[in-house]
Amino acid sequence: MGYTAKFKVWRGDDEGGALQDFQVEVNEGEVVLDIVHRLQATQAPDLAVRWNCKAGKCGSCSAEVNGRPRLMCMTRMSTFTQDETITITPLRTFPVIRDLVTDVSYNYEKARMVPAFAPPADLEPGDYRMQQVDVERSQEFRKCIECFLCNNVCHAVRDHEENKTTFSGPRFLMRIAELDMHPLDTADRRDVAVNDHGLGYCNITKCCTEVCPEHIHITDNALIPLKERVADKKYDPIFSVASLFRRKDKREAPGATPGGSTPR
Amino acid sequence: MTELERHSFDVLVIGAGGAGLRAAVEARLQGKRVAIICKSLFGKAHTVMAEGGIAAAMGNVNSNDNWQVHFRDTMRGGKFLNSWRMAELHAKEAPTRVWELETYGALFDRTPEGKISQRNFGGHEYPRLAHVGDRSGLELIRTLQQKIVSLQQEDYRATGDYEANIKIFAEVTITRLLVDDGRAAGAYGYYRETGDFVAFEAPAVVLATGGIGKTFKVTSGSWEYTGDGHALAMRAGATTVNMEFIQFHPTGMVWPPSVKGILVTESVRGDGGVLTNSEGKRFMFDYIPDVFKDKYATTPEEGDRWYTDPDNNRRPPELLPRDEVARAINSEVKAGRGTPHGGVYLDVSSRLPADVIRKKLPSMWHQFKELADVDITKEPMEVGPTCHYVMGGVEVDPDTQETRVPGLFAAGEVSGGLHGSNRLGGNSLSDLLVFGRRAGLFAAEYVDRLGDARPKVTESMIVDAENEALAPFHVEGGENPYSVHSDLQQTMNDLVGIIRTGDEMREALDKIQTYKERVANAGVQGGRAFNPGWHLAIDLKNMLLVAEAVAKAALEREESRGGHTRDDFPGMSAEWRQLNIVCRAHDGGVEIERQPLVPMREDLLELFDVSELKKYMTEAELPKGEH
Amino acid sequence: MATTGVHSPGRAQIDARTLRKDRWWLQPLLTFLALTFFVVYSAWRVFSGSNYYSAPYISLFYSPCLATECVEGAHPGGPISWWMLSPALLIAWIPLTFRFSCYYYRKAYYRSFWLSPPACAVAEPHGGYSGERRLPLILNNVHRYAFYLALILNVVLTIDAILALQTPQGQWGYVGLGTLILFANAAALWLYTLSCHSCRNAVGGRITHFSKHPVRYKMWTFISKLNEHHMLWAWVSLCTVVLADFYVYLLASGRISDLVFFSV
């Protein structure tokens, strides 16, 4: 069942590097990360790679396999032919540290800029009431394992280093959408999305959705709805005028305890 | 030599999983300057793997639930070896800790009234686990991570510096705790990325480093699970307790080989999944132990009725505590009734409609589809026991989580006591929250008490720590640490695994001695920047110390209880229940000592039927005047 | 070598603009060809100003026919008498704007025409990128207005299909191949229009508490299901548009005659 596969693995650091050739044994049922581990154990003990759970739940082993952003632990060897040369490189949007490890601090800096969850001030712990249908949209986004493949693939920063200062990438626009749809969040996050996180950079070309290992519909369920919510406010005078005359859900009703049950 | 990077904080939290983050949040709320050390990236800690949920007696689904019931379940699950005081605090405080998470932004699944939904789990009398599908751990860690970010934003508004009061050190490994005159003084470690060393000066240190899974071959733990905290604490002069009790989760994946050990959540059984052997028999009905006879269904029909009518039926034996199920699977496989890949079948496909499975168990569906090419809505899974959790850990004061070293605290899996000889599913996440918070709180209080009389980090401590960390580079052409690690894992799996005997454990201890020598001679190639070989060489020393503690404690305890099963001493002994085995580091190895348990408080004892207590306790321990 | 994008200093030094080995260029190429064909075809038909009516069928590019000079039988006596150009130009800008600002087509043309990016993890050939933050692309936020107008047009086209149940002489009771095509086209256009992201936002997406709006939640759920296939409806409706118009053209120019299934 086992065979010897041809690999090219990028090795180097921020000063330079190159694809290095390896021949390595592959057994049935293995994933790319297993092969990288075998390389470490047999041929290159100092090959740097980041990984943790090996089950697609922590989002650590992000890399590019044959040019496609993937989690190495979720890329099965059986998806390649046996005579194919498999190329593994680090993520190409973030600065490289060594070999397959990149500096992903961009993502943590952007995370820190997203205004935190803002529950109604008068609501005590234990009194939160939310209906399942109201939390489901945000729950989808909370499946995110922060592998940052979406931010890595997004051409707005991948191909334009200079946009990193103004654009937070799909991951954090989705985080804003998550909070904007949170049934107990009281903040209006639309201006923040546009002004501080660069929602307008997104041209909805959907690569974030394509690479998401959690299969979150980032574009259709987070980014486009967020753009539409922004349009509600900024580009739609009809709705702006209408909203003067009626209570518009949470934006005008902080402190609501939806669901109607009495707090304990 | 480059200048050593040094930092000074009030509270140093080592470990960035649930317990560490909760401790950090609390210490910061108490006004302390906190550093958080993550061995990997922030938000990647092993807590993300937890699937089932957080056990907390909120009574949202069944209003009969309360802290007393939760306390009883925890004690029963741990076979009464638990620190009853920790079990009490845990059961009482867990609901508040869960509600708190909602104020941080957590989005749990809901009941029709809009409260937090709770699910059934092995060993819990009522539906008790707050959950989000089967990714509850991810929700917990992300929520705490985001809470920390929100505190940093507060600090930024106040001071202009996000890191004024909480600083995160990602991808830093601590190699040594620094101790000044018997008190915690700080820690020493290196950046994984660069290999540069860093020293922290802090009067209060909270260990929250998780477990020891990587000492075993088949494990649900990630590479981080190298028992760092256990080893650091023992070397610093603290003790560990109950190290012989290792939980083998009954359902890990057994195929393909690369994912062997990865967890299949207990919710699969909680939501209706059944275990069958190669003959198609639901074998768990044959394995209900006497102490649980009146609590579990004896026929499949009754068990099936329980899912819809739990008040009038007993639960199916698939939901027995984990140790029982793991042993049962082990026996079935040994008796030749296993699957082709050496497990048993776990089936939901014949029990629930496909869309319900995908809704309730999304990440399991995903995991099997992508890793094993198995569609769990159409075919059964193959599962077998996997090393999952160490009940034992650093011995702490049950109220404050302080170890025997003043200023050194421990919380979460690295601490011992709460779970006794066996942990119930769901009690781990609640453990993290309850005792993470307590560790942070009492660490802050300890710092206040100290005032200006803080311990000092001296130059000689730093030189020693550096020499120790660099030692692997000084071995010319030494052995590859990977091979030592792989031998250790095999030894622990084979000789100190689910079923143990005295002879095998003595053999294991001999082997561990030889591994120690091999590690001393293991060499490392390449430089210090992100060098996994070097990292492993350092971690291996921790694993060896922990492995020795496990094996010695297990050899000492001549009975079978919870996560410790002796083929040569199959029974549970009331006398042994009165004893903990305590380990401390001594002369490069481990020294053990028997230590009597504190008798349970009378009012807690009264929560149980005397008939039940009789199964566990000696006559002298039973409540007076009632028998 | 360039020093921006994936070649920015600090990132892993890899010369290739992509290491993808699959035929990533195929999809943008096909999209480019298909959209180009449609643009050329529709320009020809819209500007031609002829062969758009053959009783009982009217080409959708010309419906409603608002110019006075519309041919006999097309919508009765349009009010706009001063219009000198093709009457299609009075109408065709609506579907054109709707499709141009559609979230799916935006993805399609950004990828295939502007190569921004041509495919995921394939570097785009542009030096700078500002997304949809400035003129003219910020105008894509008018999508919702185009959606409202498209709804009106859909009503008109549905009426056209119903009117096509008359014989060329105006008697009810007629089914020709053209009738079926007009109905199919109207159906496809409804599916495309209702599955639009703006529609999804309008019916319920902007609400935070679905539980308080059960009817709108149901509608949103329904629209969300359609929306998952928005791309499909976009292409299907594009095909039916061409088919419907071309069939009318063939009839009007006398090249074929209608295939009649039923007539009173």
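Line order of the protein sequences matches chains U, E and C.
Note that my numbering has the first sequence beginning at 1, numbered continuously upward.
Note that my numbering has the second sequence beginning at 1, numbered continuously upward.
Note that my numbering has the third sequence beginning at 1, numbered continuously upward.
For each residue, glycine too, the CB sits at the ideal point set by N, CA and C.
All of these numbers come straight from a predicted model, not from anything done at the bench.
Please classify residue i as buried or exposed, where buried requires at least 16 neighbouring CB atoms within 10 angstroms.
i	result
residue 184 of chain U	buried
residue 147 of chain C	buried
residue 57 of chain U	buried
residue 22 of chain E	buried
residue 5 of chain C	buried
residue 1 of chain E	The predicted model places residue 1 of chain E with a pLDDT of 48, which falls under 50 and marks its position as unreliable, so this point remains unresolved.
residue 215 of chain U	exposed
residue 247 of chain E	buried
residue 620 of chain E	exposed
residue 84 of chain C	exposed
residue 82 of chain C	exposed
residue 14 of chain E	buried
residue 258 of chain U	Per-residue confidence for residue 258 of chain U stands at a pLDDT of 36, beneath the threshold of 50, marking its modelled position as unreliable; the derived number appears in the next sentence. With 16 or more Cβ atoms within 10 Å of its Cβ, residue 258 of chain U is classed as buried.
residue 601 of chain E	exposed
residue 435 of chain E	buried
residue 165 of chain U	exposed
With 8 Å as the threshold, decide whether the Cβ of residue i is near any Cβ in chain U.
i	result
residue 100 of chain E	yes
residue 184 of chain C	no
residue 132 of chain E	yes
residue 13 of chain C	yes
residue 43 of chain E	yes
residue 256 of chain E	yes
residue 595 of chain E	no
residue 109 of chain E	yes
residue 133 of chain C	yes
residue 102 of chain C	no
residue 473 of chain E	no
residue 262 of chain E	yes
What does DSSP give as the partner residues of residue i in its beta bridges?
i	result
residue 236 of chain U	For residue 236 of chain U, which the question treats as bridged, DSSP gives no partner whatsoever.
residue 10 of chain U	U/19
residue 4 of chain U	U/25
residue 565 of chain E	E/499
residue 14 of chain E	E/37, E/207
residue 583 of chain E	E/240, E/592
For a cutoff of 8 Å on Cβ pairs, would you count residue i as touching chain C?
i	result
residue 232 of chain U	yes
residue 7 of chain U	no
residue 190 of chain U	no
residue 169 of chain U	no
Would residue i pass as an interface residue toward chain E - the criterion being a Cβ-Cβ separation below 8 Å?
i	result
residue 48 of chain U	yes
residue 146 of chain U	yes
residue 52 of chain U	yes
residue 152 of chain U	no
residue 62 of chain U	no
residue 108 of chain U	yes
residue 82 of chain U	no
Am I right that residue i and residue j are in contact with their C-beta atoms under 8 Å? What's the rounded C-beta distance?
i	j	result
residue 206 of chain C	residue 229 of chain U	6 Å
residue 519 of chain E	residue 540 of chain E	5 Å
Any chance the CB of residue i is under 7 Å from a heavy atom of the ligand NAD?
i	result
residue 160 of chain U	The model on display carries no ligand, and the ligand NAD is accordingly not part of it.
Threshold first: 3 residues or longer. Then list the beta strand (DSSP E) segments lying entirely within the stretch 242–270 of chain E, N to C. 246–253
### Task
Entirely within the stretch 103–173 of chain E and at least 4 residues each: give me those alpha helix (DSSP H) ranges in chain order.
136–159
| task | Scan the stretch 23–82 of chain E and note each continuous beta strand (DSSP E) run of 3 residues or more that stays entirely inside, going in chain order. | result | 34–37
Query - Secondary structure, alpha helix (DSSP H): runs of 4+ residues fully inside the stretch 422–502 of chain E - result: 427–450, 459–470, 481–495
>> Which runs of the beta strand (DSSP E) at least 3 residues long sit entirely within the stretch 88–133 of chain U? Give them in chain order.
In response: 96–98
For this session: List in chain order: all unbroken beta strand (DSSP E) runs of 3+ residues lying wholly within the stretch 163–199 of chain C.
Result: 174–176
Entirely enclosed beta strand (DSSP E) segments - the stretch 211–239 of chain E, minimum 3 residues: none
Threshold first: 4 residues or longer. Then list the alpha helix (DSSP H) segments lying entirely within the stretch 309–396 of chain E, N to C. 322–334, 354–360, 362–367
Check: Can you give, in chain order, each stretch of the beta strand (DSSP E) that sits fully within the stretch 172–199 of chain U and has at least 3 residues?
Finding: none
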